[in-house]
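The sequence shown lines up with residues 127 to 372 when you count with the working numbering. We put the beta carbon where it would ideally sit given N, CA and C, even for glycine. In what follows, a single structure is set out as structure tokens and then discussed.
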Amino acid sequence: MNPSNPYPTEGYFYLPQFFQPNELQQIEPILEKFHQQWLIDHQEEYQKRLINSHSLTSSTVLTQEERLVLFQFIAGERFQPLLSVLFSEQALFLNTQLFFDPFNKEQKNYWHRDIQYTGMPIEDQQKSILTQNVLHFRIPFQEEEGIELIPGTHRSWDLPAEQDTRLGQNGKQPSDALARGKQIRLQRGDLLIFSANMIHRGLYGNNRFSFDLIFLDDTPLLRPFIDPNNHPTEAEKQQLNSSLFL
């Protein structure tokens, strides 16, 4: 592992001003188009609670040309050196997400590990995080409060108070402050890579708009989580570096 890469011990890798302006300008109109239609189609869910959307690459809102632009961005040379350092074996593309502020400005954020939503028993979650790699590549399109995370928890389990808070039990709420939390504020052009399995929460405010690419280990355990509709067709793969795709 590259000694300048803090991911193995910390669970995240912050790269300020990673992107050139033209790199984001190329995909920004596509993301905005998807988002505006999503707000119309999911108005009720958005007003109730939702703070993210997903599966842009399988959306019928986008044209074939727009979908290919996203795939070219995902499979582009910019990410390849990072993926080769962060994943000891082959990485696969999982999905895309957009993150935005809640409709209700009083809605509270929440500590979580993505793995807690898989239905896996806690004992299995504790074992899985020791070796499993599921990584978010977060790309903010404007200045935002960013992410609060607990360094090192991609490979270690919660302290008792952290688990009570994350799961909202024993008098704790998932929005309560945690002593080990570290905030990483983000600017347009930054890239934040972090483990989906670590304890983290998104921080709302400033009308955030972030695009996440998610990559994972190519293993029999994780492959079933991939929706093939989010991956390019055989014809599209002819125009891409297809090592990240099924």
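Span separating the alpha-carbon of residue i from that of residue j
i, j, result
"ASN221", "TYR172", "20 Å"
"PRO350", "PRO247", "18 Å"
"GLN216", "PHE267", "29 Å"
"ILE255", "HIS238", "14 Å"
"ASN148", "GLY202", "14 Å"
"THR135", "ASN355", "34 Å"
"ASP316", "LEU150", "11 Å"
"LEU261", "ILE273", "14 Å"
"ASP344", "THR279", "22 Å"
"GLY137", "GLN365", "33 Å"
"SER185", "ASP302", "35 Å"
"PRO207", "ASN131", "12 Å"
"ARG264", "LEU342", "14 Å"
"GLN242", "LYS253", "13 Å"
"PRO358", "PRO277", "34 Å"
"GLY283", "GLN295", "Checking the sequence shown, residue 283 turns out to be Trp, not Gly. Their Cα atoms are separated by approximately 16 Å."
"ASN367", "ASP290", "43 Å"
"THR183", "GLY297", "41 Å"
"LEU165", "ASP227", "12 Å"
"PHE144", "ASP167", "33 Å"
For residue j and residue i, believed in contact at Cβ under 8 Å, the rounded distance
i, j, result
"PHE219", "LEU370", "4 Å"
"ASN178", "PHE229", "At roughly 13 Å, the Cβ-Cβ gap does not stay under 8 Å, so ASN178 and PHE229 are not in contact."
"ARG306", "GLN233", "Not confirmed; about 24 Å, so no contact."
"LEU285", "LYS308", "So it is not a contact: roughly 15 Å between Cβ atoms."
"PHE199", "ILE153", "5 Å"
"ASN332", "GLU269", "6 Å"
"LEU372", "ILE352", "6 Å"
"GLU288", "ILE325", "6 Å"
Sheet register partners of residue i (DSSP bridge)
i, result
"PRO266", "SER336"
"LYS308", "LEU275"
"SER321", "LEU261"
"HIS326", "HIS238, LEU275"
"TYR138", "PHE320"
"LEU224", "SER179, PHE337"
"LEU342", "LEU218, VAL260"
Minimum C-alpha distance to residue i - residue among the options
i, options, result
"GLN299", "TYR330, LEU196, GLY307, ASN235", "ASN235"
"ARG281", "HIS262, LYS308, GLN258, TYR140", "GLN258"
"ILE156", "GLU192, SER130, ASN178", "GLU192"
"GLN223", "LEU209, PHE205, VAL187, HIS180", "HIS180"
"LEU194", "GLU362, PRO346, SER368", "GLU362"
"ILE319", "ASP338, GLY328, GLY331", "ASP338"
"GLN146", "GLU158, LEU165, GLU288, ARG204", "ARG204"
"GLN163", "TYR140, PHE144, VAL187, GLN143", "VAL187"
"ASN323", "THR183, PHE160, ARG292, THR189", "ARG292"
Practice problem: Could you name each continuous alpha helix (DSSP H) segment of 4 residues or more that falls completely within the stretch 182-222, going from the start of the chain to the end? | Solution: Complete alpha helix (DSSP H) runs here, min 4: 190-200, 206-212.
Exercise. Would you mind listing the alpha helix (DSSP H) stretches within the stretch 142-174 that are 4+ residues and don't spill past its ends, in chain order?
Key: If we require 4 residues or more, the alpha helix (DSSP H) runs fully inside the stretch 142-174 come out as 147-167, 169-174.
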